[in-house]
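Chains as they are written, first to last, in this note's numbering: chain R, 207 to 357; chain P, 207 to 357. The next block holds one structure in the form of structure tokens; read it before the comments.
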DNA sequence: CAGCACCTTCACGTTGACGTAAAGGTTAGC
DNA sequence: GCTAACCTTTACGTCAACGTGAAGGTGCTG
């Protein structure tokens, strides 16, 4: 046993149920995400089992975070992931050239995409913040009344 | 014309299409919200047209804000509105009594409900904030690279 | 009072994001 | 090599949150 295992748990590939538990998703959801083009498993086993690597895991966690924490639809998440992929390609093009002007252009494009994401996130955060402020104000008024009663 | 109009535009009742435009919702959505018990129009016209007052308008804006800005489901929004109603009843009970202890209890209950709402909102905001921080960090790295190129 | 825009109540259709069952293949342990 | 646990695809089911007619009533305008 353990003939050529590449290090202690280094590049292990996981089956769908394992990643599902690690991400707190269902296997069905993961297959569905694949169905709609959000990710492809790193590989398949001899018998066609889906096999996921660490990158896939991170991607799934990203999807879950975007869905649960930011409340984006899967379609929107798809766009974000495309952005991500574009940035990755940019990164490679960046490394492949030595031309300063080209490097600058590539970085500017990446920055632009990130700024776009940030704008959307900040917009959400801002509106959420306004709501919180509203509730907090009412809460403060009640607190005030309570304090008046106590003195 | 204008025989007994109660002030300049004071207590005008609006029909569904008008409120829909004011709230940036569809008439269908508003009827649906009624269907699932989120609001009832202030009144009906002779011919059974739904008529909405300013309170209804605010309620609809609240629903929209909760749905779009905070990403709550209509079911969750229903609970929030029940909370709201409970606070309103508390307010009346508060005004109806002079017993200090009872007043304190009523205020405490209101404060508790508001704190509950705040906890849920803060939780959302926090997770959203974490995501923003992550994206901002990556944005900063790209910015750094750009600055390095420029000097 | 004719006409048009707006309203009503059904009622069925749609989209997103999965759940769930069926029928069968794969893999790890003993 | 058998079994139990896990996997595959295919396909139909479900729930929320509406969209979209159909068939008919309402209400201001000229």
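For glycine and all other residues, C-beta sits at the position ideal for the given N, C-alpha and C.
Given residue i as reference, the closest of the options once Cα atoms are compared
| i | options | result |
| --- | --- | --- |
| residue 253 of chain P | P:263, P:221 and P:293 | P:221 |
| residue 290 of chain R | R:269, R:251 and R:237 | R:269 |
| residue 316 of chain P | R:322, R:349, R:223 and R:280 | R:349 |
| residue 318 of chain P | R:337, R:304 and R:345 | R:345 |
| residue 327 of chain P | P:282, P:312 and P:355 | P:282 |
| residue 280 of chain R | R:261, R:224 and R:265 | R:265 |
| residue 237 of chain R | R:330, R:219 and R:256 | R:256 |
| residue 320 of chain R | R:336, R:288 and R:305 | R:288 |
| residue 202 of chain P | R:241, R:351, R:242 and R:235 | No answer is possible for residue 202 of chain P: the residues shown for chain P start at 207 and end at 357. |
| residue 251 of chain R | R:242, R:219, R:356 and R:314 | R:219 |
| residue 322 of chain R | R:234, R:229, R:353 and R:293 | R:293 |
| residue 272 of chain R | R:336, R:229, R:305 and R:234 | R:229 |
| residue 368 of chain P | R:329, R:343, R:336 and R:314 | Residue 368 of chain P lies beyond the residue range present for chain P, which begins at 207 and ends at 357; the question has no answer from this structure. |
| residue 337 of chain P | R:233, R:239 and R:274 | R:274 |
| residue 329 of chain P | P:223, P:347, P:278 and P:261 | P:278 |
Cβ pair residue i, residue j closer than 7 Å
| i | j | result |
| --- | --- | --- |
| residue 324 of chain P | residue 341 of chain R | yes |
| residue 284 of chain R | residue 231 of chain R | no |
| residue 248 of chain P | residue 259 of chain P | yes |
| residue 299 of chain R | residue 312 of chain R | yes |
| residue 225 of chain P | residue 263 of chain P | yes |
One or two residues paired with residue i in a DSSP bridge
| i | result |
| --- | --- |
| residue 253 of chain R | Answer is none; residue 253 of chain R lacks a bridge partner. |
| residue 258 of chain R | R:220 |
Rounded distance between the beta-carbons of residue j and residue i, thought under 8 Å
| i | j | result |
| --- | --- | --- |
| residue 303 of chain R | residue 309 of chain R | 6 Å |
| residue 331 of chain P | residue 339 of chain R | Wrong, their Cβ atoms sit about 11 Å apart, outside the cutoff. |
| residue 286 of chain P | residue 306 of chain R | 55 Å between Cβ atoms; not a contact. |
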